[in-house]
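Working notes, beginning with the structure itself.
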Amino acid sequence: MSRATRAVTAHALAFAACCLAAPVLSPVAEARPPREQAAQEQSKLERFLNIRAPASPTLLPDGSLYFIDRPDGILQLYRVQGRPDSVTAASGGPMTRLTDFPDGISDYTISHDGRRILVGAAPGGNENTQYSLLDPDRPAGANLTPILANPKVQYSVNLWLSDSSGFIYTANDDSAVDFHVYRYDFTPDGAGKTTKLLAKEGTWFANDASPSADRVLVGNYISISNSAAYELNPATGELTDLSIPPPDGGTSSNSIVGYMPGLDAVLLISDADEGLRKLHLRDLKSGAVSRPIPSLDGFELSSASINLERTLLAVTTNEDGYGVFHLYRLPSFEEVPLPAIERGIVGVSQLRGDSVIWTLSSARSPGISFAWDASGGAAPRQLTFADTCGIDLSAFPLPDLIKYKAFDGRDIPAFVYYPVGYRKDKPIPFIVNYHGGPEGQSRPGFNATHQYLVSEGFGIIQPNVRGSLGYGRAFHMLDDYKGRWDSVKDGVDAAAWLVTAGLAKPGHIAAYGGSYGGYMTVACIVEDQCRVEAGTQKERLFGAGVNIVGIVNLKTFLEQTSGYRRKLREVEYGPLTDPDFLMEVSTINKIDKINVPIMIGHGLNDPRVPVGEAMQLAVGLRKRGIEPLEMYFPDEGHGFAKVENRLLFTERMVKFLRDTIGE
2 MSRATRAVTA
12 HALAFAACCL
22 AAPVLSPVAE
32 ARPPREQAAQ
42 EQSKLERFLN
52 IRAPASPTLL
62 PDGSLYFIDR
72 PDGILQLYRV
82 QGRPDSVTAA
92 SGGPMTRLTD
102 FPDGISDYTI
112 SHDGRRILVG
122 AAPGGNENTQ
132 YSLLDPDRPA
142 GANLTPILAN
152 PKVQYSVNLW
162 LSDSSGFIYT
172 ANDDSAVDFH
182 VYRYDFTPDG
192 AGKTTKLLAK
202 EGTWFANDAS
212 PSADRVLVGN
222 YISISNSAAY
232 ELNPATGELT
242 DLSIPPPDGG
252 TSSNSIVGYM
262 PGLDAVLLIS
272 DADEGLRKLH
282 LRDLKSGAVS
292 RPIPSLDGFE
302 LSSASINLER
312 TLLAVTTNED
322 GYGVFHLYRL
332 PSFEEVPLPA
342 IERGIVGVSQ
352 LRGDSVIWTL
362 SSARSPGISF
372 AWDASGGAAP
382 RQLTFADTCG
392 IDLSAFPLPD
402 LIKYKAFDGR
412 DIPAFVYYPV
422 GYRKDKPIPF
432 IVNYHGGPEG
442 QSRPGFNATH
452 QYLVSEGFGI
462 IQPNVRGSLG
472 YGRAFHMLDD
482 YKGRWDSVKD
492 GVDAAAWLVT
502 AGLAKPGHIA
512 AYGGSYGGYM
522 TVACIVEDQC
532 RVEAGTQKER
542 LFGAGVNIVG
552 IVNLKTFLEQ
562 TSGYRRKLRE
572 VEYGPLTDPD
582 FLMEVSTINK
592 IDKINVPIMI
602 GHGLNDPRVP
612 VGEAMQLAVG
622 LRKRGIEPLE
632 MYFPDEGHGF
642 AKVENRLLFT
652 ERMVKFLRDT
662 IGE
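Under our numbering, the first residue of the sequence shown carries the number 2, and numbering increases by one thereafter.
And the structure:
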């Protein structure tokens, strides 16, 4: 099927992309040039969108490397056997494709002993991930044995048992809104044995288990600001609360890292103290709580993990959006000196003994992985290389981190990208890109779409409006419920800052975002017009909007989103028992304030923001005499997984932006 026939456009239907983000690079990362002739035959946009690097690497003791890649535009699992010096997406190398799912894979996980591989896939992007056992030595398409396979259920593999004889997973099979915890044991007859470990209301998951699995650390997620940590006795069902209580007696966010050596204490991350996500150590006998690494206390923690041997602790801190990697010995918490790592966003993908694999993202790299031995000696080895499609990634502009004043005087951080050579001495067309979430965060990682737009003369600003993560509990709760429209005001203030700074002209700024960023896109256009009508602003700032898988009616969104997400979203947007407020902050109820061209994109299988949200906006605009540009894709969900679809959408979007805000 051609790209042109995959999408249904305008008066019918046709696509959606999410936040159009991406990841990853490191110290002095080398990018190997790809197929030069093939690159020349591709359009410039196609080359940009095809920049990539192998992702999610797992290195086994025999030297085999498994990873996810998309040389054909769809994410599949690949393997390189032996002990490769490196793996490059550019050359294809000796890599073998192990899966051929039509819509790609969601994830994969390999047992500790390397003998078993589970692959997850969700048809059409519907997020009901199903898992199969993969035999890597059989041909793709004939090498899968279904293990967790009910198309109406969403499964998630949480962890492997220490001896690799089975795994612990969650599923919403008993109730669409509740995720229970199960244990799966492989059996000699191949049938497998499933045991239910925990069946309570809410979203539950496992984080760690003792070697015999007679003790399991589990979490209960209620919202971004309210989650609890427990130790479960599977034999009795008894739960021991390990959460760190806040001083004021309210809620706190608690996430488990894992057992310490000896299993007599647990590490967890909690924002109970001073509203920052910090590392805590809870003694299981006395209940005493301490903060074992005071040097980390000044930053929000993004993540932390412990190796199977419980000898290494990897931590990443969120420092103004940048990710910084730290490594410690256990149980002493002695810091391990790391080699120099380029500034960007770090992600630890594997801890096995003293072997560490990290991936570093930056505006100039699609995600390069490095392997390093923490016992010292050798320098990090670049494990993966990018397919640059003939483009010089080192010439890509890095963002400036700025802060602007919001309507109430609060500082709002933002990343700003300028075209190469731009002197900031004249206005250019600008795009305000709002992140999703709403409790997300724009970070300085790789984004091929952004870099293409910048190369075409557009500037981009990514504001982290109130409600964003990474700046502490108080900041990310500022937009909850009744504070919703304050974050919208922050979004318009980003555009106002561009004009005041002389970087953009009114009417030559586009609002743009995916998911909650789509809500922000339309809401900011509404608030912009409201300011003009109220006389607090001379003229409209925005000249166009791009709404991708976005919400426009909070009431219908909450009624129709997947059941397991409803309670989570009600904490953010307000409860369905307050329909008047939900409609008050719903942009569909303010559509008379929209007077600029709008582009709408959505996936027809979206389980998070049903496609009816996009259609409501389109119908409402037409009633006002505004003809939106619509694209809906029948083989996508909440965003764009397939390069072919992203290319089609982005082609239309770039033309739309040139026609509306271009100069």
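Virtual Cβ for every residue (Gly too), placed ideally from N, Cα, C.
### Query
Given that a residue counts as buried once 16 or more other Cβ atoms are within 10 Å of its Cβ, and exposed if not, what is Arg382?
As a first step, residue 382 is located in the sequence shown; it is residue number 381 there, counting from the start. Result: exposed.
### Exposure label - Thr661; buried when at least 16 CB within 10 Å
As a working note, residue 661 is residue 660 in the sequence shown. By the 10 Å Cβ count, Thr661 comes out buried.
### Task
Let me know the secondary structure DSSP gives His281 once reduced to three states.
If you number the sequence shown from 1, residue 281 lands on position 280. In this structure, His281 counts as strand in the three-state DSSP scheme.
### Query
Do you know how far the Cα of Val500 is from the Cα of Phe206?
Sequence index remark: in the sequence shown, residue 206 carries index 205 (1-based). Sequence index remark: in the sequence shown, residue 500 carries index 499 (1-based). In a straight line, the C-alpha of Phe206 is about 47 angstroms away from that of Val500.
### Task
Tell me where the beta strand (DSSP E) around Ala545 begins and ends.
As a working note, residue 545 is residue 544 in the sequence shown. Counting along the chain, the beta strand (DSSP E) containing Ala545 begins and ends at 543-549.
### Message
Closer than 8 angstroms is the cut-off here; do at least three beta carbon pairs connect the stretch 305-316 with the stretch 342-356?
### Response
yes
### Query
Roughly how many whole angstroms lie between the Cα atoms of Arg647 and Phe459?
The residue given as residue 647 occupies position 646 in the sequence shown. The residue given as residue 459 occupies position 458 in the sequence shown. Approximately 19 angstroms between the Cα atoms of the pair.
### Message
Within a Cβ cutoff of 6 angstroms, which residues of the same chain sit near Pro72, ignoring the five residues on either side of it in sequence?
### Response
Counting from one through the sequence shown, the residue named residue 72 turns up at place 71. Closer than 6 angstroms at Cβ, skipping near neighbours: no residue.
#### Entry: Span of the beta strand (DSSP E), counted from its first residue to its last, around Leu313
For the purposes of this step, residue 313 is taken as residue 312 along the sequence shown, with counting starting at 1. Start and end: 313-320.
### Query
In three-state DSSP terms, what is Ala512?
Counted from its first residue, the sequence shown places residue 512 at position 511. Strand at Ala512.
#### Entry: 6 angstroms Cβ shell around Leu314 - same chain, five flanking residues per side excluded
In the sequence shown, counting from the first residue as 1, residue 314 sits at position 313. If we look at Leu314 and ignore the five residues flanking it on each side, its Cβ neighbours are Ile307, Tyr329, Leu331.
### Message
Using the Cβ count rule (16 or more neighbours within 10 Å means buried), how would you classify Leu454?
### Response
Counting from one through the sequence shown, the residue named residue 454 turns up at place 453. Buried: at least 16 other Cβ atoms inside 10 Å.
### Message
Beta-carbon within less than 6 angstroms of Gly163's beta-carbon, same chain only, minus the 5 sequence neighbours each way: which residues are those?
### Response
Here residue 163 is taken as the residue at index 162 of the sequence shown, counted from 1. Before going further, note that residue 163 is Ser rather than Gly in the sequence given. Closer than 6 angstroms at Cβ, skipping near neighbours: Pro212.
### Message
Between the alpha carbons of Arg566 and Thr252, how many angstroms are there, rounded?
### Response
Numbered from 1 along the sequence shown, position 565 holds the residue referred to as residue 566. Numbered from 1 along the sequence shown, position 251 holds the residue referred to as residue 252. For Arg566 and Thr252, the distance between alpha carbons rounds to 19 angstroms.
### Query
With DSSP run on the structure shown, which of helix, strand or coil describes Ser244?
The residue given as residue 244 occupies position 243 in the sequence shown. Note: Ser244 maps to coil in three-state DSSP.
### Query
How many angstroms separate the CA atom of Val1 from the CA atom of Phe657?
Absent from the structure is residue 1, since the part of the chain shown begins at 2 and ends at 664.
### Query
Hey, would you say Gly121 sits closer than 9 angstroms to Ser157, going by beta carbons?
Position 120 of the sequence shown, counting from 1, holds the residue named residue 121. Position 156 of the sequence shown, counting from 1, holds the residue named residue 157. Cβ atoms of Gly121 and Ser157: closer than 9 angstroms.
### Query
Are Ser366 and Ala387 close, meaning C-beta to C-beta below 9 angstroms?
By 1-based counting over the sequence shown, the position of residue 366 is 365. By 1-based counting over the sequence shown, the position of residue 387 is 386. Contact flag set, yes.
#### Entry: Sufficient close CB pairs (3 or more, under 8 angstroms) joining the stretch 213-222 to the stretch 253-262
yes
### Query
Ile307 bridges to which residues according to DSSP?
Within the sequence shown, the letter at position 306 stands for residue 307. In DSSP, Ile307 forms a bridge with Leu314.
### Query
Which two residues bound the contiguous alpha helix (DSSP H) that contains Asn159?
Here residue 159 refers to the residue found at position 158 when the sequence shown is read from its first residue. No alpha helix (DSSP H) holds Asn159; the beta strand (DSSP E) holding it covers 156-161.
### Message
Tell me the residue span of the alpha helix (DSSP H) that contains Arg567.
### Response
Position 566 of the sequence shown, counted from the start, is the residue given in the question as residue 567. From DSSP, the alpha helix (DSSP H) with Arg567 extends over 564-574.
#### Entry: Endpoints, the alpha helix (DSSP H) within which Ala497 is located
Here residue 497 refers to the residue found at position 496 of the sequence shown. That run of the alpha helix (DSSP H) goes 485-501.
### Query
Excluding the five sequence neighbours on either side, which residues of its own chain have a C-beta within less than 7 angstroms of the C-beta of Lys427, listed in chain order?
Position 426 of the sequence shown, counting from 1, holds the residue named residue 427. Excluding residues within five positions, none has a Cβ falling inside 7 angstroms.
### Task
Quick one: residues in its chain with C-beta nearer than 7 angstroms to the C-beta of Gly473, no 5 flanking neighbours on either side, listed in chain order?
Position 472 of the sequence shown, counted from the start, is the residue given in the question as residue 473. Here the set comprises Gly276, Leu277, Glu301.
### Query
In or out: Arg139 buried (at least 16 other Cβ within 10 Å) or exposed?
Residue 139 sits at position 138 when you count from the first residue of the sequence shown. Flag for Arg139 reads exposed.
### Residue closest to Arg467, alpha-carbon to alpha-carbon, out of Asn590, Thr204, Ala407, His451
As a working note, residue 467 is residue 466 in the sequence shown. Cα-wise, what sits closest to Arg467 is Ala407.
### Task
May I have the straight-line CA-CA distance separating Asn319 from Gly471, to the nearest angstrom?
Within the sequence shown, residue 319 is the residue found at index 318, counting from 1. Within the sequence shown, residue 471 is the residue found at index 470, counting from 1. Between Asn319 and Gly471, the C-alpha separation is close to 6 angstroms.
### Task
Give the DSSP-derived three-state secondary structure of Ala23 in the structure shown.
Translated into positions along the sequence shown, residue 23 becomes position 22. Any reading at Ala23 must be qualified, since the residue scores a pLDDT of 30, below 50, and its modelled position is unreliable; the value itself is stated next. The answer is coil: DSSP assigns Ala23 none of H, G, I, E or B.
### Query
Just how far apart, CA to CA, sit Ser226 and Glu628?
Taking the first residue of the sequence shown as 1, we reach residue 226 at position 225. Taking the first residue of the sequence shown as 1, we reach residue 628 at position 627. For Ser226 and Glu628, the distance between alpha carbons rounds to 40 angstroms.
### Query
Under the rule that 16 or more other beta-carbon atoms within 10 Å means buried, what is Thr130, buried or exposed?
Numbered from 1 along the sequence shown, position 129 holds the residue referred to as residue 130. Thr130 is buried by the Cβ-count criterion.
### Query
If you scan the stretch 573-616 from start to end, which runs of the beta strand (DSSP E) of 3 or more residues do you find wholly inside it?
599-604
### Query
Ser291 by DSSP, collapsed to three states: which one?
Indexing the sequence shown from 1 puts residue 291 at position 290. Residue state, collapsed to three classes: strand.
### Query
Is Val427 helix, strand or coil when you go by DSSP?
As a first step, residue 427 is located in the sequence shown; it is residue number 426 there, counting from the start. The residue you asked about is not Val; residue 427 is Lys in the sequence shown. Coil, per DSSP.
### Query
Does DSSP classify Arg659 as helix, strand or coil?
As a first step, residue 659 must be located in the sequence shown, where it is residue number 658. In the structure shown, Arg659 sits in a helix (DSSP, three-state: H, G or I).
### Message
Can you list, in chain order, the residues of its chain with a C-beta nearer than 8 angstroms to that of Pro295? Leave out the 5 residues immediately preceding and following it.
### Response
Along the sequence shown, one-based indexing puts residue 295 at 294. For Pro295, where only same-chain residues beyond five positions count, there are no Cβ hits under 8 angstroms.
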